[in-house]
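**Student:** Handing you a structure now.
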Amino acid sequence: MSEGLSVPIGPMRYEADERGYFGETWGGRFMPEALVAALDELTEAWHDAMADEAFVADFEQVLRDYAGTPSRLYHAERLSETVGARVLLKREDLNHTGAHKIRNVLGQALLTRRMGKTRVIAETGAGQHGVASATAAAWFDLDCTVYMGAVDTRRQALNVARMQLLGATVVPVESGSATLKDAINEALRDWVASVDHTAYLFGTAAGPHPFPSMVRDFCRGIGDEARAQCLEQYGVLPDAVAACVGGGSNAIGLFTAFLEDEGVEIHGFEPGGDGVHTGRHAATIHAGEPGVLHGARTYVLQDEDGQTVESHSISAGLDYPGVGPQHSLLSAAGRATYTPVTDAQAMEAMALLSRTEGIIPAIESAHAVAGAVELARRLGEEKGPDATIIVNLSGRGDKDMGTAIEWFGLGDAERGPEADLEQIEERVEMEAPQ
Amino acid sequence: MTSTTSTSTAFEKARAEDRAALIGYLPAGYPSVEGSIEAFATMVEAGCDAIEIGLPYSDPVMDGPTIQAAAQAALDGGVRTADVLRVVEAVAAMGVPTLVMTYWNPIERYGVERWATDLAAAGGAGLITPDITPDHGSEWIAAADAHDLDKVFLVAPSSTDERIAMTAAASRGFVYAAAVMGVTGARDATSDLAGPLVGRVRACGDVPVAVGIGVSNGDQAADVAAYADGVIVGSAFVRCLLDHAGDRAAGLAALRELTTDLAEGVRRARA
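Going down the list, the sequences are from chains G and X. Mapping to my numbering: the first sequence position 282 is 282, numbers consecutive. Mapping to my numbering: the second sequence position 59 is 59, numbers consecutive.
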């Protein structure tokens, strides 16, 4: 950090400096020396690529022709009526592979090819980033190994099968808590030994510099598109934008376009698990403390000795005890608000969106929907029914049907679902403004 | 206040005997706090010139399965940062240079200045920091300088000459040269990357260079001792204890035997 450097104002205010520090505190690169050369190489390749019109054109083309972007900005009319404000869904669930994650892996895979590396590794929690990585590896003809916590391989067997069908090797990780954070540890251990020919496709906007900035840049199309679509379709900027935050790639991808629009509220919804008061949650910004995890200084769920605490969320994709460092800055600077949403609230929102809009969201995205419903009610009261909120529907819910079956008691046609699902619909009807 | 034996003492003694220093690692708290103190005592008696005490951490990205297993067992057994300082105090009292090897977050959580104060008070000689490089370690560097603690940073075969120069200049005590591109753990053959790496560090100044990762027996120690100022052994020591879990005497006997073999190795290299 340079001595006497004043806090930048304007577009650079929330940007990392050249060493990867956001706001001089968050982020950085707390990494073994063995990986520094590779991280430097990656940083340089990324900067060169982003300044190269041919690379940017390639990226835009593959996003359009292969991934199916720009994703639609869809006015959820029934949901809007229910909550009394205009709710617009950014339909990232309609992208190829069913989530926003494809944007990041296509960017990183293009970069891998540009650097002349032949193998990629990735970590995955729910399996969405693993599937996206395996997809990109197949498309770019790269060897692919995906590290996945053994607990997660069991609860997301369908995604393991998808990755295998796509040609990737899935390695179950038994160490530590055998979940996402341990999958990241194991991928880093692989990378230390394979760095000369292997690229690490990091799955979220966290980790050491340049990943938080680079992953954000590959995902920021979400917000750039949504902002332009909102202006074009409604002639206004939204009053608020909302996204779920685990590591935070879909959220930072949406938020970035709106950081300088001071009239736009920015809301991140964190996995509240059983409730923050129970200790079984993954609400890192809300309940964590500043620390260093996986190469960055950020909010971390940790004990008094700085040992990482196991997180809990019904959503494997949000079940991470750290968070991208730019989110830590946005929270500390007061530019964005991060609020926990419990498992129960998220599952209710999953049912709500399914029944009002015919869209089954990923449980990750259902956290954003749940938070946005409350937000929309407030904004509707304050500003009337034209109050506009953009919600990032970051992924589709097919992968989560196993969890939904258990939670709601689905799948038995003779018995029918448990009563609480019916009550959700009744409550929606009751609460709708007359 | 325990009196501190500085790291340079070990290298000076070894140099006077025209050999390399033997540096032994175990995590604190495995199999228990008292058990680890006993294990260190055995290693010191049998010929370790300096000791590295590992601070067990939940996310050790530079460690292979052997050290992970022992560190996890120590954490499961309830070891705390304060316990690590107790082990430091006990080992330092044996009159041997005593360093702590730790990932960064536990130190940041403890408080960098408070850690430096307490480590120095316990007789610790310094800190080895596998996930902090000098260019991101200004807070530790300041605290270490204020308390006259050694700062051991790592270099790797992938390090550029520019970074090696920067790291050598920032290190005090010794520079830790990672012999291979990979995590800790025993290897069958010694690395052919380590020799050139040591040479590149030597070209940058007088700070001693010790080689770690993959050394597990006297022959390998002799190979490394032929060109390095120090030989660091970790996983092989941990293996002795893991292989005899539940049999304290057998674990200590295995530690003694291995230490003796390694100590002979560092002595016959230049004979």
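Virtual Cβ for every residue (Gly too), placed ideally from N, Cα, C.
Within 8 Å (strictly less), CB to CB, does V91 (chain X) reach chain G?
**Tutor:** no
**Student:** Assuming V209 (chain X) and V215 (chain X) are in contact, meaning their beta carbons sit under 8 Å apart, how far apart are those beta carbons, in whole angstroms?
**Tutor:** That belief does not hold up - the Cβ atoms of V209 (chain X) and V215 (chain X) are roughly 14 Å apart, past 8 Å.
**Student:** Give the DSSP-derived three-state secondary structure of M94 (chain X) in the structure shown.
**Tutor:** coil
**Student:** Mapping the DSSP letters down to three states, classify H294 (chain G) as helix, strand or coil.
**Tutor:** coil
**Student:** Rank G:M50, G:Q128 and G:A283 by C-alpha distance to the C-alpha of D488 (chain G) and give the top, closest one.
**Tutor:** An answer regarding residue 488 (chain G) cannot be provided, because it is not within the stretch 1 to 434 covered by chain G.
**Student:** Is the Cβ-Cβ distance between R119 (chain G) and S194 (chain G) less than 8 Å?
**Tutor:** yes
**Student:** Taking the alpha-carbon positions, what's the G116 (chain G) to A69 (chain X) distance?
**Tutor:** Each residue's Cα considered, the two are about 36 Å apart.
**Student:** How close, in whole Å, do the beta carbons of A222 (chain X) and R187 (chain X) come, if the pair is a contact with beta carbons under 8 Å?
**Tutor:** R187 (chain X) and A222 (chain X) do not touch by the CB rule: their CB atoms are close to 15 Å apart, not below 8 Å.
**Student:** Do we get a CB-CB distance below 8 Å when we pair V195 (chain G) with the residues of chain X?
**Tutor:** V195 (chain G) has a beta carbon lying within less than 8 Å of a beta carbon in chain X.
**Student:** Run through DSSP, which three-state label would Q434 (chain G) get?
**Tutor:** Since pLDDT at Q434 (chain G) reaches only 39, below the 50 mark, its modelled position is unreliable, and the value read off the structure follows with that caveat. Looking at Q434 (chain G) - three-state DSSP - the assignment turns out to be coil, as it is neither helix nor strand.
**Student:** Looking at the strands, I want to know which residues DSSP matches up with H75 (chain G).
**Tutor:** G:L88
**Student:** Going by the DSSP bridge assignment, what does F211 (chain G) pair with across the sheet?
**Tutor:** BP columns for F211 (chain G) are empty, so no partner.
**Student:** Find the residues of chain G that neighbour I132 (chain X), judging by a C-beta separation of less than 7 Å, and give them in chain order.
**Tutor:** F30
**Student:** Nearest chain G C-beta to M331 (chain X) closer than 8 Å, yes or no?
**Tutor:** Beyond the ends of chain X as shown, which are 1 and 271, falls residue 331 (chain X); an answer cannot be given.
**Student:** Just how far apart, CA to CA, sit F255 (chain G) and G125 (chain G)?
**Tutor:** 23 Å
**Student:** Roughly how many angstroms lie between the CA atoms of A316 (chain G) and D192 (chain X), to the nearest whole one?
**Tutor:** 43 Å
**Student:** May I ask you to list the residues that DSSP assigns as paired with D143 (chain G)?
**Tutor:** G:R119
**Student:** Which residue comes first and which comes last in the alpha helix (DSSP H) that contains K181 (chain G)?
**Tutor:** L180 to S194
**Student:** Where does L231 (chain G) land, buried or exposed, given buried means 16+ other C-beta within 10 angstroms?
**Tutor:** Burial call: exposed.
**Student:** Using only alpha-carbon positions, find the residue among G:V292, G:A349 and G:D412 that is nearest to D59 (chain X).
**Tutor:** G:V292
**Student:** Taking A336 (chain G) as the reference, which of G:H312, G:D261 and G:E77 has the closest Cα?
**Tutor:** In terms of CA proximity to A336 (chain G), G:D261 leads the group G:H312, G:D261 and G:E77.
**Student:** I'd like to know whether the C-beta of D192 (chain X) is nearer than 8 Å to at least one C-beta of chain G.
**Tutor:** no
**Student:** E186 (chain G): buried (16+ other C-beta within 10 angstroms of its C-beta) or exposed?
**Tutor:** With 16 or more other Cβ atoms from the protein chains shown falling within 10 Å of its own Cβ, E186 (chain G) counts as buried.
**Student:** V391 (chain G) CB to nearest chain X CB: under 8 Å?
**Tutor:** no
**Student:** Quick check on the DSSP output: what are the complete beta strand (DSSP E) runs of length 3 or more inside the segment 212-292 of chain G, in order along the chain?
**Tutor:** Entirely contained in the segment 212-292 of chain G, the beta strand (DSSP E) runs reaching 3 residues are, in chain order, 240-244 and 265-273.
**Student:** Would you mind giving the Cβ-Cβ distance between L318 (chain G) and A349 (chain G), rounded to the nearest angstrom? I have them listed as a contact below 8 Å.
**Tutor:** With a Cβ gap of about 14 Å, L318 (chain G) and A349 (chain G) do not count as contacting.
**Student:** Look at the alpha carbon of W140 (chain X) and the alpha carbon of V192 (chain G), and state the distance between them as a whole number of angstroms.
**Tutor:** 24 Å
**Student:** Against chain G, does L75 (chain X) count as a neighbour if the rule is that its beta carbon must be under 8 Å from one of theirs?
**Tutor:** Taking Cβ atoms only, chain G reaches closer than 8 Å to L75 (chain X), which makes this a yes.
**Student:** How many Å lie between G230 (chain X) and S6 (chain X) at the Cα?
**Tutor:** 15 Å
**Student:** Using a Cβ-Cβ cut-off of 8 Å, state whether L5 (chain G) counts as contacting chain X.
**Tutor:** Confidence at L5 (chain G) is low in this model, with a pLDDT of 40, below 50, so the placement of that residue is unreliable and no value is reported for it.
**Student:** Give the straight-line distance between the Cα atoms of E38 (chain X) and L26 (chain X), rounded to the nearest whole angstrom.
**Tutor:** 11 Å
**Student:** Quick one: list the residues of chain G neighbouring Y110 (chain X), beta-carbon separation under 8 Å, in chain order.
**Tutor:** D305 and G306
**Student:** With a CB to CB cut of under 6 Å and the five nearest residues on each side skipped, what residues in its chain are close to S2 (chain G)?
**Tutor:** At S2 (chain G) the pLDDT is 38, less than 50, meaning the model places this residue with poor confidence and gives no usable figure here.
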